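In what follows, a structure is listed as structure tokens, so that the remarks can point back to it.
Numbering (our numbering), first residue to last: 1 to 88.
See below:
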């Protein structure tokens, strides 16, 4: 009975989540998804290895980007790509 109880605990208990290293989690991108699975925010690296934070409006029409590697550090862009506002 004791062995069966121990085995059932190991097989059916929820597993704890542990970080990949003692210094944190390592990834190239983190996404925040809405209930429909659409990305609303992301933190990651682009194809050139530049870091950025992207926030997308609920309707997907506007995107706010923050990137210290881009000449315009902060940009608000509409869906068609036109820059609505930017700051150096």
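Heads up, the beta-carbon is just placed ideally off N, CA and C, and yes, glycines get one too. Computed from a predicted model, the values in this text were never measured in an experiment.
Between residue 63 and residue 73, the C-beta spacing is not below 8 Å.
Sixteen is the threshold: when 16 or more other Cβ atoms of the shown chains lie within 10 Å of the Cβ of residue 75, as they do, the residue is buried. In this structure, residue 44 sits near residue 28, with a CB-CB distance shorter than 8 Å.
The beta carbons of residue 54 and residue 69 sit no closer together than 8 Å.
The C-alpha of residue 83 lies about 15 Å from the C-alpha of residue 57.
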